[in-house]
Amino acid sequence: MEIRNELRYLLSVGLWERMAADGLLTKEELARAKRLSAERYRPGTVWE
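Under the working numbering, the first residue of the sequence shown is numbered 35, with each subsequent residue one higher.
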């Protein structure tokens, strides 16, 4: 279901961004996490 994947993508990217803001992820790790989330959930539209 496309909506579920879209929501999963948005939730996971939000989590990665909060972790990066708290200093738990480096910029490189954040970029990789976002890329892996996009590959896994394949959102129809990616808002960046």
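We put the CB at the ideal spot given by N, CA and C, even for glycine.
Cutoff 7 Å; reference residue i; Cβ partners in own chain excluding five residues on either side
i	result
K68	V47, W50
Where the alpha helix (DSSP H) containing residue i begins and where it ends
i	result
R38	36–55
L64	61–75
6 Å CB neighbourhood of residue i in its chain, flanking five on each side removed
i	result
L64	W50, A54
L59	M53
Check: residue i C-beta below 7 Å from any heavy atom of the ligand PLP
i	result
R69	Ligands displayed in this structure: none; no statement on the ligand PLP is therefore possible.
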